[in-house]
Structure formats: C-alpha cells, structure tokens
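The opening position of the sequence shown corresponds to residue 13 in my numbering, with each subsequent residue numbered one higher. For glycine and all other residues, C-beta sits at the position ideal for the given N, C-alpha and C. Report on one structure; see the data block that follows.
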Amino acid sequence: MAENPIKTPLPADLPEDWTGGQTVAPTGAEVGLSEQHGYNYLMEQVNAAQTAAKEIGEAFSGLATLGPDGKVPAGQLPDIGGFYEVEEAVPPASRKANTLYGLILADYAGGGH
C-alpha cells in the first residue's frame, strides 16, 4: 500500500455550531467557548491544512509523468526486475539477464539453465 504523503495531523474538529451573538476570542475561553472556537486554534488548523497541501504537492514531484502519447516513458519506470506489461519487445541491449523476464526469455530461446 502507498505511504500517505500527509504527515501533518488534520483533526477536522473545527466547530460548526456557531450562533448569532457569539464573540471570537484568541482561545475561546475568554468568551465562554471551547478551545476549538478560538481564533488561535482556527489559524493553527488553517496552517496545518496549508502544510498538508504542500506535502501533497511535494509527494507528486517524484511521480512519473505522462508522455505525449499518454503513457509513462520507459525511462521513468522503476527497474523492479519483474514483469512489465509491454506493448513492444524489449530490445536485446536493454534486457537484464538475471531478471524474471530475462530468465524466461533465455529458457524460451533455449539458453536456459
């Protein structure tokens, strides 16, 4: 499973029960409300959301991009030593002998172990 790029806690606990006549205060307690009703807490959560958005953006910087044909260019694919779904044969110079793909090709061609 992929690792979540968001490291900043986002509790999603901002109040949604405001009523007319309530006063906003730095901590909420000054006007008889909870800490979550305070201006400082609200701004802390806004900053956390902005940090999380930045973390998501940074996580995308390492992802492969699509080429003009709508496919990921072969040079951006990781060398995992296993199967790829390919639409064309891998050129002989690019084949790796000790990968599963290379071993299957060697066996198929009669050069196996």
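query                                                                                                                  : result
Environment of Gly44 [buried if 16+ CB atoms lie within 10 Å]                                                          : exposed
Gly79 classed as buried or exposed, judged by whether at least 16 other C-beta atoms fall within 10 angstroms          : exposed
DSSP three-state assignment for Asn86, whether helix, strand or coil                                                   : What sits at residue 86 in the sequence shown is Ala, not Asn. In this structure, Ala86 counts as helix in the three-state DSSP scheme.
Whole runs of the alpha helix (DSSP H) within the stretch 21-96, excluding any shorter than 4 residues                 : 51-72
Cβ-based neighbour list, Ile68, same chain, cut-off 8 Å, excluding 5 preceding and 5 following                         : Pro17 and Ile18
Neighbourhood of Thr20 by C-beta distance below 7 Å, restricted to the same chain and skipping five residues each side : Ala60, Thr63, Ala64 and Glu67
Through-space distance from Thr39 to Ser46, alpha-carbon basis                                                         : 8 Å
9 Å Cβ cutoff met for Tyr53 and Leu26                                                                                  : yes
Where Ile116 falls: helix, strand or coil (DSSP)                                                                       : helix
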